[in-house]
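First up is the structure itself, then whatever we jot down about it.
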Amino acid sequence: MTIRKADSSVKQGDLLNSQYRRNIGWNGKTLKEMREETDRMTAETGFYAGLQELKLKESDPIRFEKIFSKIRGGVVHARETAKKVAASPIVEQEGELCFTLYTPEGDSVLTSTGIIIHVGTMGAAIKFMVNHDYEVNPGIEPGNIFCNNDCQIGNVHPCDVHTIVPIFWAGEVVGWVGGVTHVIDVGATGPGSMTVGPVSRYDDGYQVACRKIGQNDTLSQDWLIESQRSVRTTKFWLLDERTRIAGNHMIRDLVLSVIAEEGVDAYKQFIREVIEEGRRGLINRIKAMTIPGKYRQVSFVDVPYRHTDVEVPPYAKIDTIMHAPSEITIDSKGQMELNFDGSSRWGWHSYNATPVAFTSGIWVMLTQTLIPNDRINDGAYYATKFTLPYGAWMNPDDIRTAHSYAWHFLVSAWSPLWRGLSRSYFGRGYLEEVNAGNANTSNWLQGGGYNQYNDIHAVNSFEAAAEGTGASAVKDGLDHAAAIWNPEGDMGDMEIWELIEPLIYLGRSIKPNTGGYGKYRGGNGYETLRMVWGARDWTMFFMGNGYMSSDCGLMGGYPAATGYRFDAHQTDLKQRFAKQLPFPQGGDPYPEQHNYEKNVHAEVVNRDKQTITTETIYGNYDLYLNYLRGGPGYGDPLERKPLDIENDLNGGYVLPEYTSKVYGAVITCDLDGNYHVDIEKTEERRKEMRSERLQRGKPTREWMKEEKDRIERKEASVQVRHMFATSFEITEKFLDDFRTFWDLSDSWTLIESEIEMPTFGSGHKHSNKR
Amino acid sequence: MTNYDKATVEELIDGTIEFYKLKEMLSSFKDPGRFDTYVSILQERVPWKERILLPYSQHLYVVLKEDGQRMIKCDCGHEFCGDKENWKLHALVYVRDNEEKMSELYVKYLAPDTEWQVIREYYCPQCATQLEVESVTPWYPVIHDFEPDIDAFYEEWLGRPVPDPHK
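Sequence order for the protein chains is A and B. Those letters in the first sequence? Residues 93 to 862, by the numbering used here. Those letters in the second sequence? Residues -10 to 156, by the numbering used here.
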């Protein structure tokens, strides 16, 4: 007998499966077939899954809303309940967790509150399993538990660990539920969840690539053993995992009870319609709040890796700048396109991102402005077109990239979008929605070692969840209040942080002058002075912006202040305490006065702009200043109301001399130490300052000639030139536009190889071109 | 859906609105009538006659000239350019590109390092209002922030023709 060629390649297992295994998708399909069908119908019709009519919603809107409310309420409830299982303050105090319900093929149906960036990332992990035939091997069965934290599959950074379980009804997968928590440590090269130091994927820590980790609702023993041996903070890891499983199972039970009540056909119809409704909802919201047109903005992040305190391989020792130019196009139909052409290349640092991190995470920001409701699902994604240039930092053309602190670039790139949309809110009169942007949400105090309990430990202080927010067109930004990546975050209780970290608080204060100035100022950040206490051995590092401010101000307001670092090593604080001598306390409002140093002797003091460092050894009684940034300002500072300036002065939000220099305020201080602004004299001084502006300002086109000369001479720092060179190489149009704007000849160019820095890795991009 | 009266929108524009009223505005569905109320208030306040088509930015408007041209105009009366152009190219600019200039704004250690970033302040050549601030790298092209599609906005979203100077 002749064996057919096609049959010769079929393995015995496949034959068995095709004969006896029943497909788990709907109507006898595989999940992969369902995925392909949904994508095809969406592409062909422009409606999600081809749903031109919302039959359930339109025929019985009350029932539709009832199903939505029941599931949404249950998902939020599951989050609130499950987070009490966790011991990690990142989860329990800061709410860094989220649960999302998905369709069988991995589209998100609805989500809880929390870090909703993962509305799409866990969906990407499900799609990966669907497309890689997990249905056949390793099999998808009731009671299975899967785990993913692999960025290149579907994640933002490895510390966001996903637990995903399928939901079965009568032998079919009716959906999935995913839970994510931000764990304290993932066993990377340095301690802390978002460590500085990884320059490649292989330094980023423990990465689990869509792995089946449990069956019959029970975690596998080999998984428990391996995962416990792969991270530093074992107890927190374990309890975080139980948090995710508890929430998932609560939601699975809820979905099954809804199906029992409503019928499986209604449920299947509902999950399709609610996504299409989300798609339409975004378009309606765009039409209700914005103006069609184009909006352009940019943000930057400094990557200062040539400094001696950044210990990385030689090819990563470069200074460069993250460049995120964005163009929002809203067309007459309300369709939004977000184009990031011109972005700089990925790099040997920890801040790269994947496209799904970008396209999924953006909703954590947009839900605070454009769609502030509970209908967050993949509908919004289907309503938006993204252009993310291949080879750029948010779409790397090399799998080796590190992602441990992808947020560093992501939030900086998203913040200007809010600023851009604010121009449309302003135009329509929705001034209450205007936001000048957001703080670069740092510093991140991280580190680890043996803690005060003699346990191996790692920390990541989520005090960064409370930064200054951007000013609006109606009022100042919020001071030390929130972070773009977690609108529900707060700074956490000092007592809790002291329990978790071997770091005593010597101060927690408002940081004056950190919010951008303006008619309405950005919210101020704050600072905490920490002293290492009780650690057996301990390292920490700094992570934030220092040489640059990430965001601009809006409509005349200034950007927020940048960062700096202060730490002190080998101090005499132990002796000072014994002798009851003064010691550093409180804030550092005048960094140039070196006031802390007046009350401590230290062998090494770092007070500079280098706010990115890798692990540094800290002994007990060493000091570390954790300074959280402020938000950008709105409007001309010379229009700030005198009463607001008085409040700033008396509240400690601005230093007196800067009210004169920036706001033109003429102030007095009474015997009780209260400041007052002289309104008439201030008005006079402001007139003078306006005259000074006219004298010092140059017609823009005149100044452009001078700047063009500098460009032709290639006169700029190495980091600036490197940034432009990588952007030019990835997006030719950006180079063309640059030449046109500056009226440069067609032969003018700038390439990486002419810059006096290593360009290791950049050579592969040609072979990876697609 | 709430519609806000003229006095409330004026309070919003002036920044005198009471916090809880503002909070309610933020949490409610948007009132489609806001644009007309808003523009009518701004129109009353400017010292010139041209019709405001769109509030473009704080102090700047896209206005309709008698000859049908659309111009970007400051509330002081200075006209920058046509609405398709970048008004910043017709403004005054002051670039803070060294430590001394930065120190007028920021405490030492809190300022951008000018090897990495400069601050560009754009002023109205007539009233000297600071209309926009860019914090960008040296060499960065002047950003054309906003190009509204006024025709589509009026005709397709507001459902009425763009105002005509002769009607």
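Quick reminder that beta carbons are idealized off the backbone N, C-alpha and C, glycines included.
At which residues does the alpha helix (DSSP H) containing residue i begin and terminate?
i       : result
I363(A) : V356 to M381
V167(A) : P153 to A174
K10(B)  : F8 to S16
K797(A) : T792 to E804
C243(A) : C243 to G246
N742(A) : P734 to G743
F833(A) : E824 to W834
Would you list the one or two residues that DSSP bridges to residue i?
i       : result
H661(A) : V696(A)
K62(B)  : Y50(B) and E68(B)
Y111(B) : V82(B) and E121(B)
V201(A) : DSSP output for V201(A) lists no bridge partner at all.
A484(A) : R437(A)
K477(A) : E429(A)
V769(A) : I759(A)
Q538(A) : N552(A) and F633(A)
K386(A) : T421(A) and E136(B)
Note down, in chain order, every chain A residue with its Cβ under 7 angstroms from the Cβ of residue i.
i       : result
F135(B) : G385, Y387 and R515
R59(B)  : Going along chain A, no residue has its Cβ under 7 angstroms from R59(B), so there is no contact; the nearest lies around 13 angstroms.
E123(B) : C644
E93(B)  : K753
P152(B) : Simply none; closest approach about 15 angstroms.
F24(B)  : R520 and G521
Please classify residue i as buried or exposed, where buried requires at least 16 other C-beta atoms within 10 Å of its C-beta.
i        : result
D314(A)  : exposed
K176(A)  : exposed
A498(A)  : buried
H254(A)  : buried
Q672(A)  : exposed
N535(A)  : buried
D547(A)  : exposed
G71(B)   : exposed
Q111(A)  : Reliability of the predicted coordinates at Q111(A) is poor, the pLDDT of 48 falling under 50, and no value is obtained from them.
T(-9)(B) : exposed
T832(A)  : exposed
N75(B)   : buried
Name the chain B residues that come within less than 9 angstroms of residue i, Cβ to Cβ?
i       : result
K790(A) : L81, V82, Y83 and V84
I413(A) : W105, Q106 and T126
K567(A) : G4, I6, F8 and L11
At 8 angstroms on the CB atoms, spell out the chain A contacts of residue i, in chain order.
i      : result
M14(B) : E524
K73(B) : What K73(B) touches in chain A: nothing, since even the nearest Cβ is about 11 angstroms away.
I want to verify the contact list: residues of chain B whose CB lies under 7 angstroms from the CB of residue i, in sequence order.
i       : result
D762(A) : Ordered by position in chain B, no residue passes the 7 angstroms Cβ test against D762(A), which lies about 25 angstroms from the chain.
M381(A) : K19
D585(A) : Near D585(A) there are no residues of chain B at all, since even the closest Cβ is about 26 angstroms away, more than 7 angstroms.
The beta strand (DSSP E) spanning residue i covers which residue range?
i       : result
Y719(A) : L715 to L720
F450(A) : Here F450(A) belongs to no beta strand (DSSP E); instead the alpha helix (DSSP H) covers P447 to L458.
S442(A) : Run containing S442(A): none; DSSP gives neither H nor E here.
I422(A) : D411 to I422
W506(A) : No beta strand (DSSP E) contains W506(A), which is instead part of the alpha helix (DSSP H) from W499 to R520.
T192(A) : L189 to Y194
R149(B) : No beta strand (DSSP E) contains R149(B), which DSSP labels as neither H nor E.
T620(A) : Y618 to V624
V272(A) : E264 to H274
Identify the contact partners of residue i in chain A, using a Cβ-Cβ distance below 9 angstroms as the criterion.
i       : result
T118(B) : G648, D728, L730, E731, R782 and R785
I132(B) : R388, Q389, V390, P417 and C644
Applying a beta-carbon distance threshold of less than 8 angstroms, which residues of chain B neighbour residue i?
i       : result
S504(A) : Per Cβ cutoff of 8 angstroms: no residues; S504(A) is ~12 angstroms from chain B at best.
N605(A) : Y95, V96 and L99
W795(A) : V82 and V84
- Message: Quick check: the stretch 137 to 144 of chain A against the stretch 298 to 315 of chain A, are at least 3 beta-carbon pairs closer than 8 angstroms?
- Response: No contact exists between the stretch 298 to 315 of chain A and the stretch 137 to 144 of chain A.
- Message: Taking contact to mean 3 or more Cβ pairs, one atom from each stretch, closer than 8 angstroms, check whether the stretch 723 to 743 of chain A and the stretch 655 to 670 of chain A are in contact.
- Response: In short, these stretches do not touch, since the Cβ pair count stays below three.
- Item | Stretch pair the stretch 99 to 112 of chain B + the stretch 120 to 132 of chain B: three plus CB contacts closer than 8 angstroms | Three or more beta-carbon pairs drawn from the stretch 99 to 112 of chain B and the stretch 120 to 132 of chain B are found closer than 8 angstroms, and the two stretches are therefore classed as touching.
- Examine the Cβ distances between the stretch 443 to 457 of chain A and the stretch 474 to 487 of chain A and report whether three or more of them are shorter than 8 angstroms. They touch, by the three-pair rule.
- Item | At least three beta-carbon pairs within less than 8 angstroms, the stretch 60 to 69 of chain B to the stretch 37 to 51 of chain B | In this structure the stretch 60 to 69 of chain B touches the stretch 37 to 51 of chain B; the number of beta carbon pairs closer than 8 angstroms is three or more.
- Query: Is the stretch 376 to 390 of chain A touching the stretch 196 to 212 of chain A, taking contact as three or more C-beta pairs under 8 angstroms?
  - Reply: No, because fewer than three Cβ pairs between the stretch 376 to 390 of chain A and the stretch 196 to 212 of chain A fall closer than 8 angstroms, the two stretches do not touch.
- Message: For the structure I just gave you, are there three or more beta carbon pairs, one from the stretch 749 to 759 of chain A and one from the stretch 777 to 786 of chain A, closer than 8 angstroms?
- Response: Contact between the stretch 749 to 759 of chain A and the stretch 777 to 786 of chain A is present, because at least three Cβ pairs lie under 8 angstroms.
- Stretch pair the stretch 549 to 559 of chain A + the stretch 639 to 649 of chain A: three plus CB contacts closer than 8 angstroms: Between the stretch 549 to 559 of chain A and the stretch 639 to 649 of chain A, the count of C-beta pairs closer than 8 angstroms stays below three; the two stretches do not touch.
- Message: Can you confirm whether the stretch 682 to 699 of chain A touches the stretch 508 to 525 of chain A when touching is taken to mean that 3 or more C-beta pairs between the two stretches lie within less than 8 angstroms?
- Response: Note that the stretch 508 to 525 of chain A does not touch the stretch 682 to 699 of chain A; fewer than 3 beta-carbon pairs, one per stretch, sit closer than 8 angstroms.
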